[in-house]
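Everything in the sequence shown is counted per this note's numbering, starting at 1 for the first residue and increasing by one. Backbone N, C-alpha and C define an ideal beta-carbon position, used for all residues, glycine too.
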Amino acid sequence: MKTTKILLILLLFTLFVQAAADRSIYRKKYGKENKVALVIGNGHYTHFSPLKNTLNDAEDMRKILKSKGFDVLYLPDGDLRSMERIVRVFSGKLKQGGVGFFYYAGHGIEVDHKNYLIPVGSEIPKKDEVKYEALPVDMVIDKMESAKNRLNIIVLDACRNDPFSRGGGGLAQINNAKGMYVAFATAPGEVASDGGVGKNGLFTKYLVRYIDQPNLTLDQIFNKTRISVYEESSEKQLPWTSSSVMGEFYFQPGGSAAANISSRKTNNIKLIHFSHPKKEPRGLYIAQIKVNDIEKRYRIY
1 MKTTKILLIL
11 LLFTLFVQAA
21 ADRSIYRKKY
31 GKENKVALVI
41 GNGHYTHFSP
51 LKNTLNDAED
61 MRKILKSKGF
71 DVLYLPDGDL
81 RSMERIVRVF
91 SGKLKQGGVG
101 FFYYAGHGIE
111 VDHKNYLIPV
121 GSEIPKKDEV
131 KYEALPVDMV
141 IDKMESAKNR
151 LNIIVLDACR
161 NDPFSRGGGG
171 LAQINNAKGM
181 YVAFATAPGE
191 VASDGGVGKN
201 GLFTKYLVRY
211 IDQPNLTLDQ
221 IFNKTRISVY
231 EESSEKQLPW
241 TSSSVMGEFY
251 FQPGGSAAAN
261 ISSRKTNNIK
271 LIHFSHPKKE
281 PRGLYIAQIK
291 VNDIEKRYRI
301 Y
């Protein structure tokens, strides 16, 4: 029993040290790469139902991306022409290479298996007119693909509800090219909440929170977001991702110094606590392990 516990502790420590070394290599390789983001939040609709949290979502996303070193373009309550213009400006900056990040919060709709983002002020009496009065997501994808970045991230918190009462809900899945990571606030074809209590929608609330945590990869951030949203929505909203990304991306890679290790015991549960040196701005709680439970689950003796 003691041998098993020691082996588990050593394994965790080894994994942590390796992860720290990987992050150090990552910082040396990508620490100064160009990172550009475009954040659009539409909420004050006149011909569709207003959305109360989208501007808060977009503003919070703008702030967190800027704090992580992104050059952020920001458009609140954009009409079609202003959305098209800022996408073109975004495209021009992307051609410098690096990482591109596109975020949209607002009304979105799928027509004939294509996704459209609905501008503020657009009057679209029929669903078959959407393609003339809304921004096609394909335009954003094409601009990002042409930049030849190593990584492009698209986040659509846009499946709020279908503005057309007789239409289907949600957005269609996107077939992404190499190096592209696409995230939906909910599964393709489903409808996401604009948020209940609080100033943010569920998806963006948790996404911003986890982007701000150091040492998390892109997959880890969205996995944590998915779990939190699914649980808080009582299993009604399940964020969805699609990726063709090779390699890792960190919004905030942490320090490479070896971890300080401390442990404490309480009621037959041993918690392993890893923290960075005091010079680091934030601690990192890597593992909380119920050794006895692990042993029972995997029959380790």
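Taking a contact as a CB-CB distance under 8 Å, the pair Met61 and Leu135 does not count as one, their CB atoms being some 18 Å apart. Taking the C-beta atoms as reference points, Ile40 is found no nearer than 7 Å to Tyr116. Separation of the CB atoms of Tyr210 and Val229 is rounded to 11 Å, and the pair is thereby denied contact status at 8 Å.
For a cut-off of 8 Å, the C-beta gap from Lys127 to Phe90 is around 28 Å, too long to register as a contact. Asp71 sits close to Val36, with the two beta carbons spaced by under 7 Å.
In chain order, Lys143 place their CB closer than 8 Å to the CB of Arg88, counting only its own chain and leaving out the 5 sequence neighbours on each side. Per DSSP, Ala185 is not a residue of any alpha helix (DSSP H), being assigned neither H nor E. Sixteen is the threshold: when 16 or more other Cβ atoms of the shown chains lie within 10 Å of the Cβ of Asp157, as they do, the residue is buried. Ranked by Cα distance from Glu110, the first of Lys131, Ser122, Leu216, Gly98 is Lys131. Rounded to whole angstroms, the gap between the alpha carbons of Thr46 and Gly121 is 6 Å. Straight across, the Cα-Cα distance linking Phe102 with Asn149 is about 13 Å. By the neighbour-count criterion, in which a residue is buried when 16 or more other Cβ atoms sit within 10 angstroms of its Cβ, His107 is buried. If you look at Ile141, you'll find it in the alpha helix (DSSP H) that goes 137-146. Nearest neighbour of Glu235 by Cα position, chosen from Ser242, Arg226, Thr241, Ser243, turns out to be Arg226.
Counting along the chain, Phe203 sits inside the alpha helix (DSSP H) bounded by residues 202-211. By the Cβ-count criterion, Asp112 is exposed, with fewer than 16 other Cβ atoms from all chains shown falling within 10 Å of its own Cβ. Contact check for Lys199 against Asn56 passes: the beta carbons are separated by less than 7 Å. One Cα belongs to Ser146, the other to Glu123, and the distance between them is close to 31 Å. The Cβ neighbour count for Gln237, taken over all protein chains shown within 10 Å, is at least 16; the residue is labelled buried.
Note on Pro50: under 16 other CB atoms within 10 angstroms of its CB, so exposed under the neighbour-count rule. As computed with DSSP, Ile109 is found in a beta bridge with Tyr116.
In this model, Trp240 and Ala185 are separated by some 7 Å (Cα to Cα).
Residues of the same chain with a CB within less than 7 Å of the CB of Ile64, apart from the 5 flanking positions on each side, are Val208, Ile211, Asp212 in chain order.
Here Gly97 is exposed. Its C-beta has fewer than 16 other C-beta atoms within 10 Å. DSSP places Tyr45 outside both helix and strand once states are collapsed to three, so it counts as coil.
When the five nearest sequence neighbours on each side are left out, the beta carbons in the same chain lying within less than 6 Å of the beta carbon of Ile154 are those of Phe102, Val182, in order along the chain.
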